[in-house]
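**Student:**
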Amino acid sequence: MNIFRLAGDMTHLASVLVLLLKIHTIKSCAGVSLKTQELYALVFATRYLDIFTHFISIYNTLMKLIFLGSSFSIVWYMRRHKIVRRSYDKEQDTFRHLFLILPCFLLALVINERFTFKEVMWTFSLYLEAVAILPQLVLLQRTRNIDNLTGQYVFLLGGYRALYILNWIYRYFTEQHFVHWITWISGLVQTLLYADFFYYYFHSWKNNEKLQLPA
Amino acid sequence: TEPSAFKDEL
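Chains as they are written, first to last, in the numbering used here: chain A, 42 to 256; chain B, 49 to 58.
1) Check whether the Cβ atoms of Thr135 of chain A and Asn153 of chain A lie closer than 8 angstroms to each other.
2) Closer than 6 angstroms by C-beta to Ser74 of chain A: which residues in its own chain qualify, once you throw out the five before and the five after it? Chain order, please.
3) Select from A:Ala55, A:Gly72, A:Glu79 and A:Ala71 the residue whose C-alpha is nearest the C-alpha of Ala173 of chain A.
4) At which residue ranges does the segment 79-121 of chain A contain complete alpha helix (DSSP H) runs of 4 or more residues, listed in the order of the chain?
5) With H, G and I counted as helix, E and B as strand and the rest as coil, what does DSSP make of Thr49 of chain B?
6) Are Met237 of chain A and Gly72 of chain A closer than 8 angstroms when you measure CB to CB?
7) Measure the C-alpha to C-alpha separation of Phe113 of chain A and Leu106 of chain A and round it to an integer number of angstroms.
8) May I ask which residues mark the beginning and end of the alpha helix (DSSP H) holding Gly199 of chain A?
9) If you draw a straight line from the C-alpha of Arg126 of chain A to the C-alpha of Thr191 of chain A, how long is it?
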């Protein structure tokens with residue numbers, strides 16, 4: 042494992058911890074998109090189908106368990122916890138899951154490396170992860186006051202994706218690998234979706250202003 | 049070689 046990959050995973054872990062911290066400690070999920078969280082739960086559930094049958098490393102299994110556990114517990118908090126769920130902006134979080142899930146699934150059926158159940162589900166999870174942040178970005182744009190933790194959560198998620206791209210560049214030059222078009226292109230699309238957010242994030246940080254995305 | 053990409057990633 043190279044340094045970019047490790048830094049990427051740690052950033053991803055940090056993003057999840059920031060979100061859980063907000064929800065668990067402040068008992069608020071204001072500004073957090075349940076749609077995005079449900080999509081992530083689906084992403085991990087379909088990607089880690091082989092978690093108990095294909096062992097890679099303790100690190101790998103542990104991280105998979107953390108991402109599965111955290112994504113499902115965030116969804117549970119937002120839907121079921123009697124205090125947390127009251128702070129959910131249901132009226133603002135209107136993005137339709139199916140508009141993302143269905144095209145990703147159809148695309149995975151057509152463009153995959155091998156037409157097997159596990160491989161199609163794995164490819165589907167890559168496509169879906171690429172666009173899963175969209176409901177969250179739409180919600181951020183509608184929310185006038187983005188609190189610090191929500192802003193940091195999205196920033197860390199975007200950072201994780203950017204570090205994964207560096208990781209692939211590194212792997213391309215150091216390992217004997219195929220050109221992994223599916224992983225690369227979906228990863229690139231995913232990272233580009235954050236470009237706009239990053240711009241405004243750095244802008245507000247530089248000017249010491251509250252983060253606000255233009256309508 | 050495993051044809052499927054980067055299965056060791058998260």
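For glycine and all other residues, C-beta sits at the position ideal for the given N, C-alpha and C.
**Tutor:** By the coordinates alone:
1) The residue you call residue 135 of chain A lines up with position 94 of the first sequence. The residue you call residue 153 of chain A lines up with position 112 of the first sequence. Going by C-beta atoms, Thr135 of chain A is not nearer than 8 angstroms to Asn153 of chain A.
2) Along the first sequence, read from residue 1 onward, the residue named residue 74 of chain A stands at position 33. Counting only Cβ-Cβ distances below 6 angstroms, and skipping sequence neighbours, we find Asp134, Pro176, Gln177 and Leu180.
3) The residue you call residue 173 of chain A lines up with position 132 of the first sequence. It is A:Glu79.
4) 99-121
5) Translated into the one-based positions of the second sequence, residue 49 of chain B becomes position 1. With a pLDDT of 41 at Thr49 of chain B, under the threshold of 50, the predicted position of this residue should be treated as unreliable, though the coordinate-derived value follows. Looking at Thr49 of chain B - three-state DSSP - the assignment turns out to be coil, as it is neither helix nor strand.
6) To locate residue 237 of chain A, count along the first sequence from 1; it is residue 196. To locate residue 72 of chain A, count along the first sequence from 1; it is residue 31. Residue 237 of chain A is actually Asp in this sequence, not Met. Cβ atoms of Asp237 of chain A and Gly72 of chain A: not closer than 8 angstroms.
7) Here residue 113 of chain A corresponds to residue number 72 of the first sequence, with the count starting at 1. Here residue 106 of chain A corresponds to residue number 65 of the first sequence, with the count starting at 1. Annotation: Phe113 of chain A to Leu106 of chain A spans about 11 angstroms, alpha carbon to alpha carbon.
8) Mapped onto the first sequence, residue 199 of chain A falls at position 158. Note, Gly199 of chain A: alpha helix (DSSP H), Asn189 to Thr215.
9) Numbered from 1 along the first sequence, position 85 holds the residue referred to as residue 126 of chain A. Numbered from 1 along the first sequence, position 150 holds the residue referred to as residue 191 of chain A. Roughly 16 angstroms separates the two Cα atoms.
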